[in-house]
Structures are given as C-alpha cells and as structure tokens.
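Student: Just passing along the structure, written as structure tokens.
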Amino acid sequence: MSLPAVRREYHALAGRYDQRWAGYVAASTAMAESRLSLKPGDRVLDVGCGTGVLLEQLRVRAPAAQLLGVDATPGML
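Those letters in the sequence shown? Residues -8 to 68, by my numbering.
See the structure below:
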C-alpha cells in the first residue's frame, strides 16, 4: 500500500480510531509506559504517534519530560 493510500485510510479513521482500537491502544501504551522510567529533562520522540494517547499519558506521569510526536497522517494529530 502506498503512503498516500495509508494516509487516506488513517485520515478516514482518525475521528474514531481511539474508540475502535481501544483495547490495542490501551495494551500498547501500557507496555510502552512500563518500559520507560522518565526523569525530568528526558526527551521522548514518538514516531507514528497517531492520536497521541501515549504522549498524553506520559505527560501526566512525567510533566517535566520533553515530549514530541509526529505522524504521517495529519488527521490523526
């Protein structure tokens, strides 16, 4: 599948992505969080961040960390 096709597909899903994939999102963000021990000033780059759920959770856990997310699909952001 080409990048433009992937972008179109995810753009169409963006509004309901978190709800549709709630189980997957919860499991994958919990796993990622369990492997991170962030300290003030640490930096995290989430490539393919989707709707940013992981970054939102990390912001609560580590408000002094520097967080950045990028995604190829503007609609997901």
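By construction, the Cβ of each residue, glycine as well, lies at the ideal position given by its N, Cα and C atoms.
Would you tell me roughly how many angstroms separate the C-alpha atoms of V61 and V35, rounded to the nearest one?
Tutor: 11 Å
Student: If you compare alpha carbons, which of L27, C40 and T42 is closest to A53?
Tutor: L27
Student: Give the DSSP-derived three-state secondary structure of G39 in the structure shown.
Tutor: coil
Student: Helix, strand or coil: which one does DSSP assign to G32?
Tutor: coil
Student: Sorted by chain position, which residues of the same chain lie with C-beta nearer than 7 Å to G41's C-beta, five sequence neighbours on each side aside?
Tutor: Y8, D62 and M67
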